[in-house]
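Read top to bottom, the protein sequences are chains A and B. Note that our numbering has the first sequence beginning at 2, numbered continuously upward. Note that our numbering has the second sequence beginning at 20, numbered continuously upward.
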Amino acid sequence: MKEFILRKSSKLLLPCLSALAALLMILAFHYSSHTLPATYTISQADITTGGQTKRQTLPIVLNRLSPGTKVEVSFSVPKTYGDDLFFGSVYAPVTILSEDTVLYQYGAPSDRPGFMQDPPTIYTSVKLPDTNQPAVTVKIIYYSPNERDTLSIHAPVVGNEQSIFHMLITESGIPMILALFFISIGAVMSIVSLFFFSFPFLRKSLLYLGMLCICSGAWQFGENRFAVYLSGNAVLMYMLDFCGLFFMMIPLYKMAILFLDIDDNMVIHAVLLALILSAAFSLILELTGVAGFHRSLYLFHVLLPAALLFLVGISLYYFLRYHKKNAGLFTIPFLILFLAAVIELANYYFQIFEQFSFFFQMGILLFLITMTIYTGLSVRRRVSEYLDALTIQNDIEIQRQTIEMQKNRNELLLSHYDEIRKQRHDLRHHLRMISELLHEGKSEETFAYIRSITDSIPVYHPEVYCDNTVVNTMICYYIGQLRNKDVDIRVNLHIPANNPDISDPSLCILFGNLMENAVEACEQMKGKRFVRLSSMINDEMLYITMDNSYPSGSIQMEDNLFISTKDKKRGLGLRSIQDIAAQHDGYAEFHAENGVFKSELCVRL
Amino acid sequence: MNYLRIGICEDTEKDLAILMELLQNSSYTYNMETFSCGEDFLKSFYSGRYDLILMDIYMGRLTGMDTVSEIRKTDTAVPIAFLTTSTDHALDSYRFHVDRYILKPYQPEMIEEVLDMAGKRVMEQPSVTVMDHGTQTSIPLTQICYVEQSAHVCQIHLINHDMVSTVMKLNDLKDILSYPNFYLCHKSFLVNLAHVKRLNKELALFEMKDGGCAYIRRASIREAEKLCHQYMFELTRRLGGLS
């Protein structure tokens, strides 16, 4: 599974590197910019609403405006900084005039889809008229939004193309790069997840993680001033922004359910359903023109932090009550997300910093890094568990075979009993015959008779390889499979019948796997085949060596485990041997070289 | 050095007396230990204890066969001669590499021949000669359990609990000992891996079969474990006649 993590990190590597490169370029740009002229921010303006004019500092938020209220913002622009005026309009149609010339207009109903009651936010720059005068008056006319009673007026900025560009990069460049990074990572993860259809856990976690990345990236991108400025398509940015934000919690919740393993919890499913319905409902409201996203936003200002807090709560609950380790691990990341959301909201309402969504971006980034690492580890653990389950199945199979062998052995013994009974009967008969012959004085015939009986006594070679009957039975069974097959078999075993620290079943699994291995290897190859099994006892430790021939080129090492190219079972058998050796204060090692497969293991008896 | 260490296991007193008389008349000097049953023999037995074992087949609880089976688990080299009245079990014991069958009643020539064989085996063993308090002593390498250096003296601990002291440096001694089983595990300790009982990782030492301990330098514990296991597995293969 190391390769899995490698593969995953290498996928992240390329976007990471490009993001890093972009970051460095931005920083370089920033530091080299001291030679460029600066921009000038208009910080004071005369604002006229409802007939009243007041001098105010910018930026400013005007409240309690009825829809469509005309707001005039007048100011004087020094020409020394350049001809370009950068400004923004938040959900308000806007007209810019300078010296009674209309420079720019935006926000007419033709600029936006029919279902939008307010034009989406825009950031752009206009060229001021070329005059010889040192300063120029500019008037920006806003019409307050229909769906809000506030009008946000940003401070316009004067400069030339480069300086404005530079200003935007320094303040919004990095978040934009991050946003693009998230979108691309999310897309990659979602696509990659489709390839893991046989590993549902991995597939789902990658998919949800990917979706989360796409949503948060889309939101960050749509919000980003620089991105809006560059794109020119305010509607697209608006949709990206809000859809990303509203739908973001859904993959997050799906991930939480998956990783905390709480699919049975009704409450979290209820909350998830509520989130899905809210998002869907908002989308419907927007598309039908009933209420814009920027109005539903207020609902989400409450819903999102609450949902995040709920995640913190539920993970704490499962950690404290049920001692689920996963839940404990997740409490911190969820808390980070929650706090980031709260800071984000505070920033929005109290205008502490200029930058929107940066904190939450950071929170999401931290969260994603944690999740990625966790996914890798989780998958590795699951694969290991899966292998363990397979190994156990293999052991059970060997146990079953052992029982079969014992049954055969029993039958053999019973047939021996019959044999002995017969021989005892025969003996009585022979002795009677002999005494009769002697009685008749026929000594020659007696000798002949005795000789003939002796010749007919069957030669009995018991197959005993060691003192432990169970292991012996197993060895006999496998040797039997190799008999008459031109295999050089040498067995030298000393296994006591009673062993305090290791049970007979465990010994059977050990020898069963060893023999199975060797027999299979011999059966799959031609040429000189051999099996050499030996054991030795030293201070209550049993040392076992098994050297057998194997078909060359059929063995690969994978995760320090031998896997036959022909079937995966051999890898499991060896793994089983290693497990048992480790359980009994010993260890097992395997080497394949020069046509000899060497197994060496030791266990405590 | 016609000196043999003989272990005898015989339960019939009469047969034992005859055997001892025949041994006394031989040209060998020997140190003899007698046991009347297999269990007692095995209790004090360790690999390398004897140069020759004479074993009666039919004994009380633990037969000669079983006793020899246990002996061969740890000592494959020691010559063993069965004392028996018949050759019935000749084939059964091929697994144990029994060297001779001595039929009762004992013939003096047979006894002498067995002693010759054992003596030759002893001579064939590689050994090292050191100066011990002025006397030249030849020590078979298989009998060296471990060597400890203190000051400039090497104390060679033998498997039979004897000790030979010689004034020399451990490094020099290591070069003389040509047996591949010797391992310098510590700047003051050299062990014979054949006589290691177990490796104690927590205390970083080898527990030796004679009861002594040889320390291992901390950095070499993994190497020591690896060498120990290597030796054990090599020995296992050799015992099976496989290498």
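Glycine included, every Cβ here is placed at the ideal spot set by N, Cα and C.
Given that a residue counts as buried once 16 or more other Cβ atoms are within 10 Å of its Cβ, and exposed if not, what is residue i?
i         : result
A:Ala-180 : buried
A:Thr-289 : exposed
A:Arg-296 : buried
A:Ala-39  : exposed
B:Pro-199 : exposed
A:Cys-615 : Given that chain A is displayed from residue 2 to residue 606, the structure contains no residue 615 of chain A and the question cannot be resolved.
A:Phe-448 : exposed
A:Phe-339 : buried
A:Leu-21  : exposed
A:Thr-566 : Here the model assigns A:Thr-566 a pLDDT of 48, short of 50, so the residue's position is not dependable, and the following value carries that caveat. The residue is exposed, with fewer than 16 neighbouring Cβ atoms inside 10 Å.
B:Gln-162 : buried
A:Met-26  : exposed
A:Gln-579 : buried
A:Asn-561 : Note that A:Asn-561 scores a pLDDT of 47, beneath 50, so its modelled location is shaky; the value from the coordinates is reported in the next line. It counts as exposed.
A:Glu-594 : exposed
A:Asp-487 : exposed
A:Tyr-319 : buried
A:Ile-149 : Going by the sequence as given, residue 149 of chain A is Arg instead of Ile. Burial call: buried.
A:Val-472 : buried
A:Arg-484 : exposed
Closest to residue i by C-alpha separation, out of the options, would be which residue?
i         : options                                    : result
A:Thr-50  : A:Asp-101, A:Ile-154, A:Leu-304, A:Phe-260 : A:Ile-154
B:Leu-177 : B:Val-215, B:Pro-199, B:Ala-170, B:Ile-195 : B:Val-215
A:Met-406 : A:Ala-593, A:Gly-233, A:Gly-513            : A:Gly-513
A:Thr-70  : A:Lys-80, A:Ile-142, A:Arg-56              : A:Ile-142
B:Cys-232 : B:Ser-45, B:Thr-185, B:Ile-175, B:Asp-191  : B:Ile-175
A:Phe-598 : A:Asn-549, A:Tyr-588, A:Arg-401, A:Pro-79  : A:Asn-549
A:Ser-90  : A:Cys-509, A:Ser-553, A:Arg-226            : A:Arg-226
A:Thr-122 : A:Leu-428, A:Ala-228, A:His-431, A:Val-158 : A:Ala-228
A:Ala-93  : A:Asn-518, A:Gly-218, A:Cys-214, A:Pro-110 : A:Pro-110
B:Cys-56  : B:Met-182, B:Gly-26, B:Arg-257             : B:Gly-26
A:Asn-161 : A:Leu-129, A:Ile-186, A:Ser-185            : A:Leu-129
A:Glu-100 : A:Phe-116, A:Lys-140, A:Ile-337            : A:Lys-140
A:Leu-203 : A:Pro-501, A:Arg-382, A:Glu-590, A:Ser-600 : A:Arg-382
A:Phe-282 : A:Leu-298, A:Met-267, A:Val-268            : A:Leu-298
B:Ser-169 : B:His-180, B:His-205, B:Leu-196, B:Ser-157 : B:His-205
A:Ile-581 : A:Glu-224, A:Leu-602, A:Phe-591, A:His-592 : A:Leu-602
A:Ile-337 : A:Leu-98, A:Met-372, A:Tyr-323, A:Tyr-350  : A:Met-372
A:Val-127 : A:Gln-134, A:Asp-396, A:Asn-147, A:Pro-157 : A:Pro-157
B:Arg-91  : B:Met-78, B:Glu-242, B:Phe-64, B:Gly-79    : B:Phe-64
B:Lys-123 : B:Lys-33, B:Arg-257, B:Met-227             : B:Lys-33
So, under 8 Å CB-CB, residue i and residue j are touching, yes? Tell me the CB distance rounded to an integer number of Å.
i         : j         : result
A:Tyr-107 : A:Val-95  : 5 Å
A:Gln-118 : A:Pro-176 : Their Cβ separation, rounded to whole angstroms, is 28 Å, which puts A:Gln-118 and A:Pro-176 out of contact at 8 Å.
A:Met-537 : A:Met-475 : About 19 Å separates the two Cβ atoms, so there is no contact after all.
B:Leu-102 : B:Tyr-47  : Not quite, the Cβ-Cβ distance comes to about 18 Å (not below 8 Å), so this is no contact.
A:Ala-341 : A:Phe-311 : With 8 Å as the limit, A:Ala-341 and A:Phe-311 do not qualify as a contact, their Cβ atoms being about 16 Å apart.
B:Asp-75  : B:Glu-29  : 4 Å
B:Ala-137 : B:Leu-23  : 6 Å
B:Phe-60  : B:Ser-88  : With a Cβ gap of about 12 Å, B:Phe-60 and B:Ser-88 do not count as contacting.
B:Leu-81  : B:Leu-38  : Incorrect: roughly 20 Å between the Cβ atoms, too far for contact.
A:Phe-76  : A:Ile-43  : 5 Å
Would the C-beta of residue i count as close to the ligand NAD, meaning under 7 Å from any of its heavy atoms?
i        : result
A:Ile-61 : Absence of the ligand NAD from the depicted structure is noted, as is the absence of any ligand whatsoever, leaving it without description.
Problem set entry | the region 515-549 of chain A: positions lying closer than 9 Å to chain B by Cβ | When CB distances to chain B are screened at a threshold of 9 Å, the residues of the region 515-549 of chain A falling below it are Arg-533, Leu-534, Ser-535, Ser-536, Met-537, Ile-538, Asn-539, Asp-540, Glu-541, Met-542, Tyr-544, Ile-545, Thr-546, Asp-548, in chain order.
Problem set entry | Three-pair Cβ contact test at 8 Å for the region 540-556 of chain A versus the region 236-246 of chain B | The region 540-556 of chain A, when compared against the region 236-246 of chain B, does not touch it at the 8 Å Cβ threshold.
For this session: Please confirm if the region 412-423 of chain A is in contact with the region 478-485 of chain A, defined as three or more CB-CB distances below 8 Å between the two stretches.
Result: Put simply, the region 412-423 of chain A does not touch the region 478-485 of chain A. Fewer than three CB pairs are less than 8 Å apart.
For this session: Kindly confirm or deny that the region 94-101 of chain B and the region 114-121 of chain B touch, where touching means at least three C-beta pairs closer than 8 Å.
Result: Taking 8 Å as the limit for Cβ pairs, the verdict is that the region 114-121 of chain B does touch the region 94-101 of chain B.
Exercise. On the three-pair Cβ rule with 8 Å, is the region 199-219 of chain A touching the region 366-385 of chain A?
Worked result: Yes, they touch.
Problem set entry | Members of the region 469-487 of chain A near chain B, C-beta cut-off 7 Å | Near chain B, meaning a CB-to-CB distance below 7 Å, no residue of the region 469-487 of chain A qualifies.
For this session: Would you list, in chain order, the members of the region 246-258 of chain B that have their beta-carbon closer than 8 Å to a beta-carbon of chain A?
Result: Hits within the stretch, in order: His-248, Met-251, Phe-252, Leu-254, Thr-255, Arg-256, Leu-258.
For this session: Taking 8 Å as the threshold, find out whether the region 263-279 of chain A comes into contact with the region 298-315 of chain A through three or more Cβ pairs.
Result: By the criterion of at least three beta-carbon pairs nearer than 8 Å, the region 263-279 of chain A is in contact with the region 298-315 of chain A.
For this session: Could you name the residues of the region 201-216 of chain B whose beta carbon sits closer than 7 Å to any beta carbon of chain A, in the order they occur along the chain?
Result: Within the region 201-216 of chain B, the residues whose Cβ lies closer than 7 Å to some Cβ of chain A are Lys-216, listed in chain order.
Exercise. Would you say the region 419-432 of chain A touches the region 491-509 of chain A, given that touching needs at least three Cβ pairs under 8 Å?
Worked result: Result no; under three Cβ-Cβ pairs closer than 8 Å.
Exercise. Residues in the region 491-502 of chain A with C-beta within 8 Å of chain B's C-beta atoms, listed in sequence order?
Worked result: Contact residues of the region 491-502 of chain A toward chain B are Arg-491, Val-492, Asn-493, His-495 (C-beta to C-beta distance below 8 Å).
Exercise. Just checking, does the region 526-536 of chain A make contact with the region 210-224 of chain B on the three C-beta pairs under 8 Å criterion?
Worked result: Between the region 526-536 of chain A and the region 210-224 of chain B there are fewer than three inter-stretch CB-CB distances shorter than 8 Å, so the stretches are not counted as touching.
Problem set entry | Sufficient close CB pairs (3 or more, under 8 Å) joining the region 276-288 of chain A to the region 234-252 of chain A | With the cut-off at 8 Å, the region 276-288 of chain A and the region 234-252 of chain A touch.
Exercise. Got a sec: which bits of the region 128-155 of chain B sit with their beta carbon under 9 Å from any beta carbon on chain A, in order along the chain?
Worked result: Within the region 128-155 of chain B, no residue qualifies.
Problem set entry | Interface positions of the region 92-106 of chain B facing chain A (Cβ-Cβ less than 8 Å), listed along the chain | Those residues of the region 92-106 of chain B that come within reach of chain A (Cβ to Cβ, closer than 8 Å) are Lys-92, Thr-93.
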